[in-house]
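The block underneath contains the structure these notes are about, expressed in structure tokens.
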Amino acid sequence: MAKIKTLSAAEYLKEIADDTNLRVQDIRLVITSLQKVLAKELATTGEVRLFDIGKFKVQITKPRMGINPKTKEKIQIPEGKKIKVTISKILNDEVIGSK
1203 MAKIKTLSAA
1213 EYLKEIADDT
1223 NLRVQDIRLV
1233 ITSLQKVLAK
1243 ELATTGEVRL
1253 FDIGKFKVQI
1263 TKPRMGINPK
1273 TKEKIQIPEG
1283 KKIKVTISKI
1293 LNDEVIGSK
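When the count follows my numbering, it moves up by one through the sequence shown with no breaks and lands on 1301 for the last residue.
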């Protein structure tokens, strides 16, 4: 099975620049700013809706038992946090198609 090639960051920036007639440097600033705003909002509210792209939500993972792979000793893994992304229906329908 052939490996699917994904776009690099530079290729994404060039695609957006070509589509919007903005400079790559300006797009890079906007994306960096968006990342900072998303991180701040997720840290304070725990949930962010991003236009018609999707929803980002901080989820708390439960504490659980694990095994140290080197010593095979059972260890307690504390609760943690992870970010869950739910894709919007609009984006999902554009990619997969509506039913």
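Positions of the beta carbon are idealized from the N, C-alpha and C atoms, including for glycine.
Since this is a predicted model, take the numbers as computed values, not measurements.
Start and end residues, beta strand (DSSP E) containing residue i
{"i": "Lys1272", "result": "It is not in any beta strand (DSSP E) - Lys1272 carries neither H nor E in the DSSP assignment."}
{"i": "Glu1249", "result": "1249-1252"}
{"i": "Thr1284", "result": "One detail in the question is off: residue 1284 reads as Lys in this sequence, not Thr. Residues 1282-1289."}
{"i": "Thr1263", "result": "1256-1263"}
Assigned exposure category for residue i - 16 Cβ within 10 Å defines buried
{"i": "Leu1236", "result": "exposed"}
{"i": "Leu1215", "result": "buried"}
Integer Cβ distance of residue i from residue j, believed to fall under 8 angstroms
{"i": "Pro1265", "j": "Ile1285", "result": "Pro1265 to Ile1285, Cβ: 19 angstroms. No contact."}
{"i": "Ile1219", "j": "Ile1229", "result": "Note on identity: in this sequence residue 1219 is Ala, with Ile being the wrong assignment. 6 angstroms between Cβ atoms; contact."}
{"i": "Lys1259", "j": "Glu1249", "result": "5 angstroms"}
Cα-Cα separation between residue i and residue j, rounded to whole angstroms
{"i": "Glu1217", "j": "Ile1269", "result": "45 angstroms"}
{"i": "Leu1224", "j": "Lys1238", "result": "21 angstroms"}
{"i": "Lys1309", "j": "Asp1254", "result": "Residue coverage of the chain in this structure runs from 1203 to 1301, which leaves residue 1309 outside it and unanswerable."}
{"i": "Glu1275", "j": "Ile1262", "result": "25 angstroms"}
{"i": "Leu1252", "j": "Thr1273", "result": "44 angstroms"}
{"i": "Asn1294", "j": "Pro1271", "result": "38 angstroms"}
Bounding residues of the alpha helix (DSSP H) (the contiguous stretch that carries residue i)
{"i": "Leu1209", "result": "Counting along the chain, Leu1209 falls outside any alpha helix (DSSP H), and DSSP gives it neither H nor E."}
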